[in-house]
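In my numbering, the protein residues as written are -8 to 782. Note that the Cβ used here is the ideal one computed from N, Cα and C, for glycine as well.
Given below as structure tokens:
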């Protein structure tokens, strides 16, 4: 089938579907806009009508106040003792009421009632035989008002109630009742049992409220159905209206307005609404047909002239070349579509070849090319019984460069490093370096590798590694800026370390990871079986730590802290214990360093701090605990910028007073004088918590350096306490520590007290607090708090 015929079969149905869908979408959009416009129109009318009702109520309220403030009523209250006052009051009030000018309604009736609801004056202009009890608002308002006033004291109550009532088929009445005392201003709403209380009722009649909506039909050209639903009674007059719209599948429109005293509902029939859409339906059908036909014809003509004809021409050229047994198409020199397509195709094949084998940023061979080179060099090594190796390395602290200076700087650094690295190997005396092949590669991100074949002596690998390290002797300089990055290198050799190329790369990666995990900067490691066991052990422990955190396999115990003077229990140190059998067998001495190295120590610290604070909050609430809870945290947190905010959030979460919390940091965990350590500890101290220096004396902190730290307490290491029993003649070092701490106004806690002699000694020299197995072993939470409560 020819391309032109395929275009008819493929293009026309697609265009019909697409344009039909677009037309349907446009029609539905237009219909939604019409319905929205109808809804807006109806809503505006509802708002207008509701506002008219509110104004009518305000008019009723205004006229009520005018009636209450007129002089006839005031004279009545002053002259109630005169027998004729009641007669003249009704006559004068009727005359005054008939003079009121009403805009939205007409007066139906009014009444003055005493505190029991009995009429003093009652007038009904329509039904002279009606009674006050016929006004339903009276029976609701007066009991409610009197109940609110009560029997004792002065009460602030609602004095006014409102009601909209339906009378007959199309008429409505507005009712208002206001309770007041002639002894005070009408504006006051405070009453006591001693006040004289009256209530005044006014009822207005609204004539044919439905006539307000007749002009809606003139606006939208379709019939409407209107329904007004009184809500009868309220002691407040709110002006807020809530409007809800509901549109059914039959395109009918129903709009509701709800107020405190009424609801208004307007319905538009689905058939009437659908009539509005008919003209638009035909208009969109015609537009879709016309646009589809015109677009199809134009597209087909363009495709034939711009694509099919050039392709047919190219096809003939290919057929002609094939018939001559010389199937070769060279680059075209013209500017037509086929020439451009041919040249672009040739260029694309070249670019794809480069992309498949070379890294776009650095120009070095990429992972695909590295894999190919590794396989080839490995096969040659096996074939000729030679050694080959992989030197795997990545840049330490490179992520910090990206985070702090941006990825553009990071990319420039990688590009510069790659160029410098290649250049640094140029000046080798390659004639005397006994290798047959040597290939650089960038594998991913900041990971690089060198595959070396035909190795006769392994020393050459150390030489190559040192040449890489030389790039980072003083950091790495780029545009006169020195970046604090380094390199970690791992080396794996065939056949010593691997039996295939996959193991060769994997073991080089493992050796690099070992170099990175060491405390040495800019170093390289050769793979070994011992190294492999260490890595597997590390991964095993790291996995167990993660699963223990997920399964909540940790618990806390509490080492009591006692006052040295009176021996009372004043707090406890929180100690971590492990419930996981596997992690318990390993022990903290082995898994804590792994946690610190992997970064999981952060999660362990947060677990301990949160559960300790949660327990402390429970003890405070249930036992009135007011002691101090000492919580250890790792040195890892001294470089964690989120640590202080996290601690602050947990303290606020559990509502714990900060002064009841003491955070302990081991002296050996930080270098004195480092400003970052001081800043973190100062921010932590500013939260209101106490800071103690644990295991003091085991590090290298001088007393003169402590003045720089926000330290409240020194916890003397147990080895100084043990020396008390060993030293019988000289002065134990703990004496000096206590004396110097006194000069710096620091509290001293003696740890590891296990004998009476040790306890008496630290008490004698002035230690403030003490803990150790002589006084108590670590206790579970329930046991600790029970013992504390006995003190």
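field: Where residue 642 sits in the DSSP three-state scheme
entry: Working through the chain shown from its first residue, we reach residue 642 at position 651. DSSP places residue 642 in helix when its eight states are reduced to three.
_I'd like to confirm the pairing. Which residues does DSSP put opposite residue 379 in its beta bridges?_
Stepping through the chain shown from its first residue, residue 379 is reached at position 388. DSSP, once it has assigned bridges, lists 485 as partnering residue 379.
Can you tell me which of 477, 501, 476, 479 puts its alpha carbon nearest to the alpha carbon of residue 488? Within the chain shown, the letter at position 497 stands for residue 488. The residue with the shortest Cα to Cα distance from residue 488 is 501.
- Query: Residues in its own chain within less than 6 angstroms of residue 409 by CB, not counting five upstream and five downstream?
  - Reply: Here residue 409 is taken as the residue at index 418 of the chain shown, counted from 1. Cβ within range, chain order: 353, 355.
Review point. When DSSP labels each residue in this structure, what does residue 421 get in the three-state scheme?
Key: Here residue 421 refers to the residue found at position 430 of the chain shown. Reduced to three states, the DSSP call for residue 421 is coil.
query = Is the CB-CB distance between residue 17 and residue 275 below 8 angstroms?
reply = Along the chain shown, one-based indexing puts residue 17 at 26. Along the chain shown, one-based indexing puts residue 275 at 284. Closer than 8 angstroms, so yes.
| Which residues mark the beginning and the end of the alpha helix (DSSP H) in which residue 134 is found? | In the chain shown, residue 134 corresponds to position 143, counting from 1. Where residue 134 is concerned, the enclosing alpha helix (DSSP H) stretches over 127 to 140.
**Message:** Tell me the rounded alpha-carbon separation between residue 92 and residue 54.
**Reply:** Taking the first residue of the chain shown as 1, we reach residue 92 at position 101. Taking the first residue of the chain shown as 1, we reach residue 54 at position 63. Their Cα atoms are separated by approximately 9 angstroms.
Quiz item: Should residue 62 go down as buried or exposed, given a rule of 16 or more other Cβ atoms within 10 Å for buried?
Solution: Your numbering for residue 62 matches position 71 in the chain shown. The residue is exposed, with fewer than 16 neighbouring Cβ atoms inside 10 Å.
(Q) What does the Cβ neighbour count give for residue 596, buried or exposed, with the cut at 16 atoms within 10 Å? (A) The sequence position of residue 596 within the chain shown is 605, counting from 1. So residue 596 ends up on the buried side.
Quiz item: residue 167: beta carbon under 7 angstroms from a heavy atom of the ligand NAD?
Solution: Looking at this structure, you won't find the ligand NAD or any other ligand, since it has none at all.
Does DSSP put residue 786 in a helix, in a strand, or in coil? Here the chain has residues from -8 to 782 only, and residue 786 is not among them.
**Q.** Best match in 84, 465, 470 for proximity to residue 193 [C-alpha to C-alpha]
**A.** Your numbering for residue 193 matches position 202 in the chain shown. With distances taken between Cα atoms, residue 193 lies closest to 84.
Practice item. Measure how close the beta-carbons of residue 113 and residue 102 come, nearest whole angstrom, since I'm counting them as under 8 angstroms. Key: Residue numbering aside, residue 113 sits at position 122 when the chain shown is read from its first letter. Residue numbering aside, residue 102 sits at position 111 when the chain shown is read from its first letter. About 4 angstroms separates the two Cβ atoms, so the contact holds.
Worksheet item: With a CB to CB cut of under 6 angstroms and the five nearest residues on each side skipped, what residues in its chain are close to residue 783?
Response: Summary: the structure shown does not reach residue 783, with the chain confined to residues -8 through 782, and so no result is reported for it.
- In chain order, each alpha helix (DSSP H) run of at least 4 residues that lies wholly inside the region 161 to 193: none
Which of the three DSSP states is assigned to residue 107 in this structure? For the purposes of this step, residue 107 is taken as residue 116 along the chain shown, with counting starting at 1. The answer is coil: DSSP assigns residue 107 none of H, G, I, E or B.
- Query: What residues are listed by DSSP as bridge partners for residue 253?
  - Reply: Looking up residue 253 in the chain shown gives position 262. Beta-bridge pairing links residue 253 to 221.
Should residue 612 go down as buried or exposed, given a rule of 16 or more other Cβ atoms within 10 Å for buried? By 1-based counting over the chain shown, the position of residue 612 is 621. So residue 612 counts as exposed.
How would you label residue 14, buried or exposed, when you count the other beta carbons within 10 angstroms and need 16 or more for buried? Position 23 of the chain shown holds residue 14. So residue 14 ends up on the buried side.
Worksheet entry | Cutoff 8 angstroms; reference residue 349; Cβ partners in own chain excluding five residues on either side | Along the chain shown, read from residue 1 onward, the residue named residue 349 stands at position 358. Taken in chain order, the residues that qualify are 355, 356, 357, 360.
- Could you pull the start and end residues of the beta strand (DSSP E) that residue 682 belongs to? Taking the chain shown and counting its residues from 1, the one referred to as residue 682 is at position 691. From DSSP, the beta strand (DSSP E) with residue 682 extends over 681 to 687.
**Message:** Give the list of continuous alpha helix (DSSP H) stretches no shorter than 4 residues that lie fully inside the region 492 to 541.
**Reply:** 492 to 508, 520 to 541
**Item:** Helix, strand or coil at residue 216 according to DSSP, with G and I counted as helix
**Value:** Locating residue 216 in the chain shown gives position 225, counting from the first residue. Note: residue 216 maps to strand in three-state DSSP.
Point to revise | DSSP beta-bridge partners of residue 653 | key: On the chain shown, residue 653 is found 662 positions in, with the first residue counted as 1. According to the DSSP secondary-structure assignment, residue 653 is paired through a beta bridge with 621, 681.
Does any CB atom of chain B fall closer than 8 angstroms to the CB of residue 103? Reference to chain B is not applicable here, since this structure consists of a single protein chain.
Since residue 400 sits in a beta bridge, which residues does DSSP pair it with? As a position in the chain shown, residue 400 is number 409, starting the count at 1. DSSP, once it has assigned bridges, lists no residue as partnering residue 400.
Q) Contact between the region 745 to 753 and the region 530 to 540: three or more CB pairs below 8 angstroms? A) no
Q) Quick one: what's got a C-beta closer than 7 angstroms to residue 548's C-beta in the same chain, skipping five residues either side? A) Reading the chain shown from its first residue, position 557 is the one you call residue 548. 566, 568, 769, 770, 771.
- Task: Under the assumption that residue 412 contacts residue 457 (Cβ atoms under 8 angstroms), give the Cβ distance between them as a whole number of angstroms.
- Result: Within the chain shown, the letter at position 421 stands for residue 412. Within the chain shown, the letter at position 466 stands for residue 457. In fact, because the Cβ distance is near 13 angstroms, the residues do not count as touching under 8 angstroms.
Boundaries (first-last residue) of the beta strand (DSSP E) holding residue 562: Taking the first residue of the chain shown as position 1, residue 562 is located at position 571. For residue 562, the enclosing beta strand (DSSP E) stretches over residues 560 to 569.
Practice problem: Rounded to whole angstroms, what's the CA-CA distance from residue 686 to residue 639? Just pull it up for me. | Solution: In the chain shown, the residue the question calls residue 686 occupies position 695. In the chain shown, the residue the question calls residue 639 occupies position 648. Going by the C-alpha atoms only, they are around 25 angstroms apart.
Q. Does the Cβ-Cβ distance between residue 252 and residue 221 come in under 8 angstroms?
A. One-based indexing of the chain shown puts residue 252 at position 261. One-based indexing of the chain shown puts residue 221 at position 230. Yes.
*Determine, using beta carbons only, whether residue 216 and residue 258 come nearer to each other than 8 angstroms.*
For this step, residue 216 is matched to residue 225 along the chain shown. For this step, residue 258 is matched to residue 267 along the chain shown. A contact, by the Cβ cut-off of 8 angstroms.
Exercise. Are the Cβ atoms of residue 760 and residue 554 separated by less than 8 angstroms?
Worked result: Mapped onto the chain shown, residue 760 falls at position 769. Mapped onto the chain shown, residue 554 falls at position 563. Result yes, Cβ atoms of residue 760 and residue 554 sit closer than 8 angstroms.
- prompt: On the three-state DSSP scale, how would you describe residue 353?
  reply: The residue you call residue 353 lines up with position 362 of the chain shown. Reduced to three states, the DSSP call for residue 353 is coil.
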